[in-house]
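**Student:** Can you read through this structure? Questions will come right after.
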Amino acid sequence: MVADRRASACNGPGGGRDARRHGPLVPCRRPETLRPVPCSDRHRDRRDSPGGRLPRLPARRLRLHSRPRADAHRLRRGCRDRSGPGRGRAAGARRSGRADRMSRPLVTAGPAIASLEQRSDSLLILDIDEVVLEFIAPFGALLEEHGARLHPESFKLTGNVRSISTGTALTGHELDQLTVRLYEEQETRQRPVAGVSDTLRQLARRTDILFLTAMTPSYYDVRRALLDREGLAYPMIATERSKGAVVAELRQRWRGTSIFVDDLPPNLASVRKSAPDTHLLHLMANDVFRQHLPALPTGARAATNWQEASGIIDEILGAAV
Ligand SMILES: [Mg+2]
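Numbering-wise (full-length UniProt numbering), the sequence shown opens with residue 1 and increments by one.
In structure tokens, the structure reads:
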């Protein structure tokens, strides 16, 4: 299947076998802002290198679906490093018969990097779930509505969410469906993390700010509306791509100090690998998983709330002056 995916990616627009195998294409709501990027290990490496971008494919080839291919999905599985022979995404897809679904291109929603307004030479890049918007708390509330409860005994959701009445662990599919519902209803369920609005208002005087979320890009519009309503009108990119690859591209425009903030250590590691001069800051608003947090990349700083995060970001920006 990997070979097929590579061949399809190289075919470019029109994609031949891939397009026929996927069937009818589903138009997205904002096709002009979506940029599909073919997925394969080889091409992921190329994208991680500045200048290694693949040609754009036309938006009409997009095919979005309701499965949450997002940081939420990564947390669900527990941030495991699944690299190595027979352990990657492709191998898992072959075992579970999901090869067709897994062969679709990765997509991105939001403004093109070249079109982003640049007022500063420095850039603060923020993940959204558990950094800007609460995720675990509203997810826990949703679980309770469905008769389930989170028991954070390790850094993952799978196996740690159990039926209140029977004690049976919810399946990965059930957790995915609940995540989809949370994203669909995020305007009424997700709230800004305490202190984020005021802190970003202050920081915006010193640095450009960009939201970079691994939320399923088809929910871009509803999240944009939520952020705007809360006074968090900073530009947002929603992507299924490696965050490291995106940050490496951003560094081509913002050559000064860059700071990346995320709650999932693998995303910090991805940025360390692809944009090594970017400062890393771990921030996870909810503390239920804190005692099980995996190791952070060397040199990454950590904060437990926005007051601490603000001090660290101020220090980094101040040291660069
Ligand atoms: Mg997050």
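For every residue, glycine included, the Cβ atom is placed at its ideal position computed from N, Cα and C.
Would you say F135 reaches chain B, if we count a Cβ-Cβ gap shorter than 8 angstroms as a contact?
**Tutor:** Considering every chain present, this structure includes no chain B. It has just one protein chain.
**Student:** Could you check if P105 is buried or exposed, using at least 16 other CB atoms within 10 Å of its CB as the buried criterion?
**Tutor:** Classification of P105: buried, given that the 10 Å Cβ count is 16 or more.
**Student:** For T239 versus V247, is the C-beta distance shorter than 8 angstroms?
**Tutor:** no
**Student:** Buried or exposed: where does Q307 fall if 16 or more other Cβ atoms within 10 Å of its Cβ makes it buried?
**Tutor:** Burial check for Q307: the Cβ neighbour count within 10 Å stays below 16, so the residue is exposed.
**Student:** Give the DSSP-derived three-state secondary structure of V131 in the structure shown.
**Tutor:** coil
**Student:** Considering only C-alpha positions, which residue in the set G311, L264, L157 and I313 is nearest to P297?
**Tutor:** It is L264.
**Student:** Quick one: what does DSSP say V196 is sitting in, helix, strand or coil?
**Tutor:** helix
**Student:** Taking 7 angstroms as the cut-off, is the CB of V131 close to at least one heavy atom of ligand 1?
**Tutor:** yes
**Student:** Quick check on the burial criterion: 16 or more other C-beta atoms within 10 angstroms. Buried or exposed for A225?
**Tutor:** exposed
**Student:** Going by the C-beta, is L264 closer than 7 angstroms to any heavy atom of ligand 1?
**Tutor:** yes
**Student:** Using 10 angstroms around the beta-carbon of H279, count the other beta-carbons present and answer buried if the total reaches 16, otherwise exposed.
**Tutor:** buried
**Student:** Among G147, A269, H173 and K243, which has the Cα closest to the Cα of S165?
**Tutor:** G147
**Student:** Quick test of your reading: N242 and S218, contact by CB under 8 angstroms. State the CB separation rounded to the nearest angstrom.
**Tutor:** The amino acid occupying residue 242 in the given sequence is Ser; Asn does not appear at that position. About 19 angstroms separates the two Cβ atoms, so there is no contact after all.
**Student:** CB-CB under 7 angstroms to E130, same chain, minus the five flanking residues each way: which ones, in chain order?
**Tutor:** I136, D263, M284, A285 and N286
**Student:** As a quick exercise: from E249, Y220 and L75, pick the residue whose alpha carbon is nearest that of I125.
**Tutor:** E249
**Student:** Give every residue of the same chain whose Cβ lies closer than 6 angstroms to the Cβ of T304, excluding the five residues on either side of it in the sequence, and list them in chain order.
**Tutor:** none
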